[in-house]
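Heads up: the protein sequence lines correspond to chains V and R, in order.
Just so you know, the first sequence maps onto residues 9 to 229 in this note's numbering.
Just so you know, the second sequence maps onto residues 9 to 229 in this note's numbering.
Virtual Cβ for every residue (Gly too), placed ideally from N, Cα, C.
All of these numbers come straight from a predicted model, not from anything done at the bench.
Protein chains: 2
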Amino acid sequence: MQLVSGDANLREQVVDQLRIAIVSGELPPGTVCSVPSLARTLGISTTPIREALLQLTSDGLLQPMRNRGFRVVDPSLDELRGIFEVRMQLEASAFRKLVRMGADDLSELEAQADAIAESVETGDVPRYLAADRAFHAELLALAGNEVLADIVLRLRDRMRLYGIRSQHGLERQKASVPEHYRIIEIIKRGLEDEAEALMTGHIMAWEPIFTEAIAQRNAQV
Amino acid sequence: MQLVSGDANLREQVVDQLRIAIVSGELPPGTVCSVPSLARTLGISTTPIREALLQLTSDGLLQPMRNRGFRVVDPSLDELRGIFEVRMQLEASAFRKLVRMGADDLSELEAQADAIAESVETGDVPRYLAADRAFHAELLALAGNEVLADIVLRLRDRMRLYGIRSQHGLERQKASVPEHYRIIEIIKRGLEDEAEALMTGHIMAWEPIFTEAIAQRNAQV
DNA sequence: GCGCGGACGATTGCGCGCAAGGTGGGGAAC
DNA sequence: GTTCCCCACCTTGCGCGCAATCGTCCGCGC
């Protein structure tokens, strides 16, 4: 893991890098991070490390082990199911609300949909993830409930993305491309009846992929 | 504000105390807290203070002002509406699911419902809040989605309780007593059709009370 | 061979100092 | 009186050391 000098303060850099390392599987579940060891590895002081680990603990990615360090939590199937259940409800209802309200400026959505399509074309998985996240963030912002948007985005950032590069994962990425354009079209035309079903399917299609990936991982261990 | 020696570490004590002070209105919106000033006030070092303020910032109760301190965020009506919208959806569907599944042990719920009734009887508002929170926490736990339960409880802990002691607030407390018993009865009898409406009403009945309280406060300033 | 105890090592939580940076107010200039 | 500039104060973010605590491992006794 390497710190990039993008953000100003060290704490946020550590949070971002560790989160990526955890959700991508680079830091497998069960790995124990400690404040002093990470400080040595990254060549910085313990203070921003400690603050970052506390943040990730609050986010549900780490769990503290008294005087032993912070352990990367096991992504249980129950947790995954719980996350998908909440996301499905909130994003579907937010989308339906957005379709009912209508929206003026869909250019950002269109730009991100294009970025998603290009990423799938070129096989650029990190860019796909970033663009997909940005697309849904914009969608949620348009729906006009910041609290809901914040919750959903945090849930996204908490999910392990183990199956993303699998055969099924790549197929799902490809299948998601037209769905994003369809989402935009539904907003433009105000097709409220189609909204909920499309969004539900769009989200839940990922569940078996992640479930399978986590189940495989658990079977290995 | 005073630190109680209940929890072990100072950080959590500070978080809890500050959260109570903020949601109760003891620390009005706009108040600026700084790490060194709070450290002097509480007579402890800056480190646990700083960690607590970062936590509350992440929870949405404070917002950092570069080199000026942490400001208690203004509880906008939009935010309140957003919180209620999410809570309504999640708690109602979780309750419906629980009624469908059924539950074995409702003794904890009954105990908390009794505590709620007693608190209203004696006018013990803090105890009412604690018991009501515990009741709904148990309800969410029985529904079997930890992720959802965590989200809802965090939203509860984020809401300002300004109107709780008003005339309408006290009336609402009294009206909520039979509703809690009714909730238990609905689980016992598996009355799935009544579940969603009751829970929605039970939650949303508070919205105008808090809305009014916040609107009044905003009008004063 | 097996169970137990004590010491070692590592970790957390907290206290504290310091450099960098921004805010606001007071004083000077016009 | 108004405006502008500069300085002093306060803040954040980070580095670092220390006491208390817990897990672990090795050696000793049985």
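From residue i to residue j, what does the alpha carbon distance come to, in whole angstroms?
i: R/TYR189; j: R/GLU204; result: 15 Å
i: R/GLU118; j: R/ARG166; result: 26 Å
i: R/ALA151; j: V/SER53; result: 43 Å
i: R/GLY177; j: R/ILE91; result: 18 Å
i: V/PRO56; j: V/VAL23; result: 9 Å
i: R/THR130; j: R/PHE218; result: 22 Å
i: R/SER32; j: R/GLY171; result: 9 Å
i: V/PRO44; j: V/ALA60; result: 13 Å
i: V/MET73; j: V/ASN17; result: 26 Å
i: V/LEU70; j: V/PRO83; result: 11 Å
i: V/ARG89; j: R/ASN75; result: 42 Å
i: V/LEU206; j: V/ARG95; result: 14 Å
i: V/GLU187; j: V/ARG162; result: 22 Å
i: R/GLY110; j: V/ALA29; result: 40 Å
i: R/PHE103; j: V/ALA100; result: 19 Å
i: V/SER127; j: V/VAL133; result: 7 Å
i: V/SER115; j: R/ALA149; result: 42 Å
i: R/LEU230; j: R/ARG164; result: For chain R, the structure presents residues 9 to 229; residue 230 of chain R sits outside this window and is missing.
i: V/ALA223; j: R/GLY38; result: 48 Å
i: V/ASN226; j: V/GLU93; result: 21 Å
i: R/ILE195; j: R/ALA142; result: 17 Å
i: R/VAL80; j: V/LEU26; result: 29 Å
i: R/LEU62; j: R/ASP158; result: 19 Å
i: R/ASP112; j: R/ILE124; result: 22 Å
i: V/GLN175; j: V/ASP140; result: 19 Å
i: V/THR208; j: V/SER66; result: 28 Å
i: V/LEU46; j: R/CYS41; result: 31 Å
Hey, is residue i's beta-carbon within less than 8 Å of any beta-carbon in chain R?
i: V/LEU50; result: no
i: V/ASN153; result: yes
i: V/ILE191; result: no
i: V/GLN63; result: yes
i: V/GLU179; result: no
i: V/GLU87; result: yes
i: V/GLU59; result: yes
Return no unless some Cβ of chain V is closer than 8 Å to the Cβ of residue i.
i: R/LEU26; result: no
i: R/LEU91; result: The amino acid occupying residue 91 of chain R in the given sequence is Ile; Leu does not appear at that position. Yes, R/ILE91 lies at the interface with chain V (some Cβ there is under 8 Å from its Cβ).
i: R/SER66; result: yes
i: R/GLU20; result: no
i: R/GLU202; result: no
i: R/GLU230; result: Lying outside 9 to 229, the shown extent of chain R, residue 230 of chain R is not represented and no answer is given.
Reducing DSSP to helix, strand and coil, say where residue i ends up.
i: R/LEU18; result: helix
i: V/ARG168; result: coil
i: R/LEU69; result: coil
i: R/VAL31; result: helix
i: R/ARG76; result: coil
i: R/VAL155; result: helix
i: R/VAL81; result: coil
What is the C-beta distance between residue i and residue j, in whole angstroms, given that I count them as a contact (C-beta under 8 Å)?
i: R/GLN184; j: R/HIS144; result: In the sequence as displayed, the identity of residue 184 of chain R is Ser instead of Gln. Incorrect: roughly 11 Å between the Cβ atoms, too far for contact.
i: V/LEU98; j: V/LEU137; result: Actually they are not in contact, since the Cβ atoms of V/LEU98 and V/LEU137 sit about 20 Å apart, beyond 8 Å.
i: R/ALA213; j: R/ARG180; result: 6 Å
i: V/LEU147; j: V/LEU106; result: 7 Å
i: V/GLU87; j: R/VAL155; result: 6 Å
Please indicate yes or no: does the CB of residue i lie closer than 7 Å to some heavy atom of the ligand COA?
i: R/PHE218; result: This structure does not include the ligand COA; it has no bound ligands of any sort.
Within 7 Å of chain R by C-beta, residues of the segment 135-165 of chain V in sequence order:
ASN153, GLU154, VAL155, LEU156 and ILE159
Using a Cβ-Cβ cut-off of less than 8 Å, list which residues of the segment 94-110 of chain R approach chain V; keep chain order.
VAL94, GLN97, LEU98 and SER101
Using Cβ-Cβ distances below 9 Å, what residues of the segment 32-56 of chain V are close to chain R?
THR55
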